[in-house]
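Trainee:
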Amino acid sequence: MAKKCDLCGRGATKGASRSHSKIKTLKRQNINLQSRTIEGEKVKLCTSCLRTMVKPKRVKAKRKPALKAGEIKKAKTKRNTAKKTTKK
Numbered sequence: 518m519a520k521k522c523d524l525c526g527r528g529a530t531k532g533a534s535r536s537h538s539k540i541k542t543l544k545r546q547n548i549n550l551q552s553r554t555i556e557g558e559k560v561k562l563c564t565s566c567l568r569t570m571v572k573p574k575r576v577k578a579k580r581k582p583a584l585k586a587g588e589i590k591k592a593k594t595k596r597n598t599a600k601k602t603t604k605k
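In our numbering, the protein residues as written are 518 to 605.
1. Considering only residues of the stretch 533-568, which uninterrupted beta strand (DSSP E) runs meet the minimum length of 3 residues and lie entirely inside it, listed in chain order?
2. Are the CB atoms of Val-576 and Asp-523 nearer to each other than 8 Å?
3. Apply the 10 Å Cβ neighbour rule to Leu-543 and answer buried if 16 or more other Cβ atoms are within range, or exposed otherwise.
4. Within the same chain, show all residues whose beta-carbon is closer than 7 Å to that of Gln-546, passing over the 5 residues directly before and after it, in chain order.
5. Quick one, are the C-beta atoms of Thr-564 and Asn-549 less than 8 Å apart?
6. From Ala-583, Ser-552, Ser-534, Lys-591, pick the residue whose C-alpha is nearest to that of Lys-521; which is it?
7. State the Cα-Cα distance for the pair Cys-525 and Ser-534, rounded to the nearest angstrom.
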């Protein structure tokens with residue numbers, strides 16, 4: 518049973534762990550494989566393939582138009598007057 522991703526074919530890589538005396542010991546760094554059933558077949562996928570496989574499309578929210586210089590002052594005075602009337 519190979520430890521490879523069925524979609525992208527990525528497998529384990531070699532790494533080295535170094536001790537304080539700088540002795541190199543080779544180690545095997547396996548990828549994070551997950552078993553999933555896709556369209557009736559059992560498949561082993563790496564987590565990076567799982568993330569990018571079914572990403573929802575992003576929907577941009579409609580932005581409000583920016584206020585102009587004169588409109589900003591009007592909006593601030595409306596807020597201030599509303600606060601004063603509620604305090605009384």
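Just so it is clear, CB atoms sit at the ideal spot from N, CA and C, and this is done for glycine as well.
Mentor: In this structure, then:
1. 541-546, 550-555, 558-563
2. Translated into the one-based positions of the sequence shown, residue 576 becomes position 59. Translated into the one-based positions of the sequence shown, residue 523 becomes position 6. Against a cut-off of 8 Å, the Cβ pair of Asp-523 and Val-576 comes out as no contact.
3. Locating residue 543 in the sequence shown gives position 26, counting from the first residue. Result: exposed.
4. Taking the first residue of the sequence shown as position 1, residue 546 is located at position 29. So the list reads Ala-529, Thr-530, Gly-532, once near-sequence residues are dropped.
5. Residue numbering aside, residue 564 sits at position 47 when the sequence shown is read from its first letter. Residue numbering aside, residue 549 sits at position 32 when the sequence shown is read from its first letter. Yes.
6. The residue given as residue 521 occupies position 4 in the sequence shown. Out of Ala-583, Ser-552, Ser-534, Lys-591, Ser-552 has the C-alpha closest to the C-alpha of Lys-521.
7. Stepping through the sequence shown from its first residue, residue 525 is reached at position 8. Stepping through the sequence shown from its first residue, residue 534 is reached at position 17. Computed Cα separation, rounded: 27 Å.
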